[in-house]
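Heads up: the structure comes next, in structure tokens.
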Ligand SMILES: Nc1ncnc2c1ncn2[C@@H]1O[C@H](COP(=O)(O)OP(=O)(O)OP(=O)(O)O)[C@@H](O)[C@H]1O
Ligand SMILES: Nc1ncnc2c1ncn2[C@@H]1O[C@H](COP(=O)(O)OP(=O)(O)OP(=O)(O)O)[C@@H](O)[C@H]1O
Ligand SMILES: [Mg+2]
Ligand SMILES: [Mg+2]
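Chains as they are written, first to last, in our numbering: chain A, 99 to 443; chain B, 53 to 374.
Now the structure itself:
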């Protein structure tokens, strides 16, 4: 959170996927997964990226490491534009940037013992070999709370949470400077979550690691990330220092997200539900402000005009008409045919 | 206790063999899910939740796994005594399951829509356009936007949370009497999670569906479960109705779990993970399995194995039995 130098800076990132023709054979659609996203991650700090399922979080993570080609945009890592490097030029940088995938099982080879998987990463990148590699793999397993002997076992012999920790160990093996952690703790129970969160924090402090932390778990963001960006339908709608955003969210979507956290009080059941309306589709981005069909405070202007990004406070930004001259007369909402799903309370 | 039990698991024991050693992964587990009830099953990673769930459907890989004892009665019939073909009629029909890792249970070469339709064709005998419509309706129900268009997509082209919802659509498609849901909302953000839980609770109310809900999220338990069972190192250590367990936990392990959970409300504190880790199932501690990590353990906890007495497995349980 200290004002270090910028490690990663992303400008105008876009990613589109053509939709498969489909059974209906109608005109092909375009999934606009990421629609012009800019942000920066400072050395030794963590940026939290939150947003609804399907908002484009994992896509951003994958394009940052060029595991997927961005449709458009700049990705500057220590000043070099990754989107212009050849695969060969990219290779040495790959060591410094690692990703922990959202689906741990899918990213582990089922046919090799997990210890060997970690060892191979070390050897391929010529960090250490032979005995030393074996030793190091054991250390890494211990760091994430597993046993050295677990290195002999295959991925399917572990529980889901244990597999997640193996993936974290593998990502750490190259001592990267930057980690994209895609839902790193969502497969873990609360005690393991706490352990991993504390581990990520300790590594940040000790090694000056930086993170892009993708998660829907707001409590975890709050623990780890100095800054928080909120993604809605492929665009950042709000960004700022985490404590400030929690204390005073500016965008109505951020407000809804904070209010929707289930409380641990079984007597308060059902109170968490807030957002009404259809879950939006990245195939049909609404006109004007993309959040307007679900926004409790939307006005006529929100339906018609795309809000611009403004900076209402030090190091904060938001795209919402409420903070930029008002929303105009309230939207008329059709009542009656509410979709199944959250019932506004 | 009023309602009839739909599922009664008694003294279930499941072992895994590895390198000549035997791991007792599930040890004398008993639990009951009543008609139209949501039972939450919670506990740390590796304590045996998924193995318990898989055993109910007899989906444990044998070998190395083995159901070593106990009974699993569903509507009075012991599932462990059924033939494989009888079992196949139950899976996906009367009992369906949402697996923990969506990518591994969806077929990568079939479109999502096809996989949902398949459930309707197989279990509800719908054909052609009727099956397709039902599939799109099911995808809509679980909150997939633009379900007609999305039905034509392959699993790897959907986001993590969408895949999880496709699985749920498949499981709900056959209108099971019992849904076993293994972490059904972990990949979902809070707003969609709330919607999914609402759908489950609606089906419970409207169709009398029962749910075995496996989760590590105590917020989800508070939101959806009627009763809770807490599992540690292969055993049930505490059970009870959701309000008592969350408000007046009696087992030191349950109390530790509640303390370790990060909360989005309230100030960010340093998290307090439970010291140590879940014991290796090949080598359980003597006496109470939790004693090495327990802040109040006494001498006798190291020696004797506490029985599940008055719904809590602890010599030093707080509060009176129920
Ligand atoms: N390989 C792909 N091909 C086609 N479409 C894709 C592909 N990957 C992602 N998408 C689409 O891009 C959009 C964003 O997906 P993404 O996985 O980035 O979401 P997410 O924010 O990570 O969601 P979740 O929280 O559910 O993981 C979705 O509509 C998804 O279907
Ligand atoms: N096929 C297998 N072979 C050997 N051991 C296994 C196998 N499957 C599971 N285990 C072991 O059984 C124990 C319980 O696993 P299980 O998957 O039930 O845990 P869980 O409670 O569901 O954890 P999580 O919350 O991480 O999903 C773990 O120690 C795991 O290593
Ligand atoms: Mg994702
Ligand atoms: Mg599990």
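Just so you know, even glycine gets a beta-carbon here, dropped at the ideal spot from N, CA and C.
Boundaries (first-last residue) of the beta strand (DSSP E) holding residue i
{"i": "residue 408 of chain A", "result": "408-411"}
{"i": "residue 115 of chain A", "result": "104-116"}
{"i": "residue 281 of chain A", "result": "No beta strand (DSSP E) contains residue 281 of chain A, which DSSP labels as neither H nor E."}
{"i": "residue 339 of chain A", "result": "333-339"}
{"i": "residue 80 of chain B", "result": "73-86"}
{"i": "residue 282 of chain B", "result": "279-284"}
Any non-hydrogen atom of ligand 5 closer than 6 Å to residue i Cβ
{"i": "residue 216 of chain B", "result": "The model depicted lacks ligand 5 and carries ligand 1, ligand 2, ligand 3 and ligand 4 instead."}
Residue span of the alpha helix (DSSP H) that contains residue i, given as start and end
{"i": "residue 262 of chain A", "result": "258-270"}
{"i": "residue 174 of chain B", "result": "164-176"}
{"i": "residue 325 of chain A", "result": "Here residue 325 of chain A belongs to no alpha helix (DSSP H); instead the beta strand (DSSP E) covers 325-330."}
{"i": "residue 159 of chain A", "result": "155-162"}
{"i": "residue 352 of chain A", "result": "350-357"}
{"i": "residue 288 of chain A", "result": "288-305"}
{"i": "residue 194 of chain B", "result": "Element bounds for residue 194 of chain B: n/a, residue is neither H nor E."}
{"i": "residue 318 of chain A", "result": "316-322"}
Proximity below 7 Å, CB of residue i to CB of residue j
{"i": "residue 381 of chain A", "j": "residue 127 of chain A", "result": "yes"}
{"i": "residue 390 of chain A", "j": "residue 406 of chain A", "result": "no"}
{"i": "residue 235 of chain A", "j": "residue 217 of chain A", "result": "yes"}
{"i": "residue 332 of chain A", "j": "residue 131 of chain A", "result": "yes"}
{"i": "residue 139 of chain B", "j": "residue 176 of chain B", "result": "no"}
{"i": "residue 143 of chain A", "j": "residue 338 of chain A", "result": "no"}
{"i": "residue 147 of chain B", "j": "residue 228 of chain B", "result": "yes"}
{"i": "residue 282 of chain A", "j": "residue 253 of chain A", "result": "no"}
Closer than 7 Å to chain B by CB, residue i
{"i": "residue 367 of chain A", "result": "yes"}
{"i": "residue 121 of chain A", "result": "Any reading at residue 121 of chain A must be qualified, since the residue scores a pLDDT of 48, below 50, and its modelled position is unreliable; the value itself is stated next. Yes, its Cβ sits closer than 7 Å to a Cβ of chain B."}
{"i": "residue 152 of chain A", "result": "yes"}
{"i": "residue 113 of chain A", "result": "no"}
{"i": "residue 195 of chain A", "result": "no"}
{"i": "residue 289 of chain A", "result": "yes"}
{"i": "residue 381 of chain A", "result": "yes"}
{"i": "residue 364 of chain A", "result": "yes"}
Proximity test, residue i beta-carbon vs ligand 2 heavy atom, cut-off 6 Å
{"i": "residue 102 of chain B", "result": "yes"}
{"i": "residue 333 of chain B", "result": "yes"}
{"i": "residue 336 of chain B", "result": "no"}
{"i": "residue 97 of chain B", "result": "yes"}
{"i": "residue 272 of chain B", "result": "no"}
Near ligand 1: residue i beta-carbon under 6 Å from a heavy atom
{"i": "residue 206 of chain B", "result": "no"}
{"i": "residue 213 of chain A", "result": "no"}
{"i": "residue 369 of chain B", "result": "no"}
{"i": "residue 165 of chain B", "result": "no"}
Any chain A beta carbon closer than 7 Å to residue i
{"i": "residue 241 of chain B", "result": "yes"}
{"i": "residue 297 of chain B", "result": "no"}
{"i": "residue 74 of chain B", "result": "no"}
{"i": "residue 41 of chain B", "result": "Chain B is shown from 53 up to 374; residue 41 of chain B falls before or after that span and cannot be answered."}
{"i": "residue 312 of chain B", "result": "yes"}
{"i": "residue 167 of chain B", "result": "no"}
{"i": "residue 362 of chain B", "result": "no"}
{"i": "residue 294 of chain B", "result": "yes"}
{"i": "residue 183 of chain B", "result": "no"}
Residue i beta carbon near ligand 4 (any heavy atom closer than 6 Å)
{"i": "residue 257 of chain A", "result": "yes"}
{"i": "residue 152 of chain B", "result": "yes"}
Partners in chain B for residue i, counting only beta-carbon separations shorter than 9 Å
{"i": "residue 377 of chain A", "result": "195, 196, 197, 243, 244, 247"}
Cβ-heavy atom distance, residue i to ligand 3, below 6 Å
{"i": "residue 155 of chain A", "result": "yes"}
{"i": "residue 180 of chain B", "result": "no"}
{"i": "residue 212 of chain B", "result": "yes"}
Residues that residue i contacts on chain A, provided the C-beta gap is smaller than 7 Å
{"i": "residue 98 of chain B", "result": "257, 259, 260"}
{"i": "residue 179 of chain B", "result": "Under the 7 Å cutoff, chain A gives no residues; its nearest Cβ is about 15 Å from residue 179 of chain B."}
{"i": "residue 152 of chain B", "result": "258"}
Neighbouring residues, chain B, relative to residue i (Cβ below 8 Å)
{"i": "residue 243 of chain A", "result": "329"}
{"i": "residue 286 of chain A", "result": "97, 268"}
Chain A residues whose Cβ lies nearer than 9 Å to that of residue i
{"i": "residue 148 of chain B", "result": "Result: empty, since nearest Cβ-Cβ is about 19 Å, beyond 9 Å."}
{"i": "residue 211 of chain B", "result": "131, 151, 152, 153, 154, 155, 156, 157, 200"}
Under 7 Å from the C-beta of residue i: neighbouring residues of chain B
{"i": "residue 293 of chain A", "result": "325"}
Partner residues on chain A for residue i, Cβ-Cβ distance less than 8 Å
{"i": "residue 214 of chain B", "result": "151, 152"}
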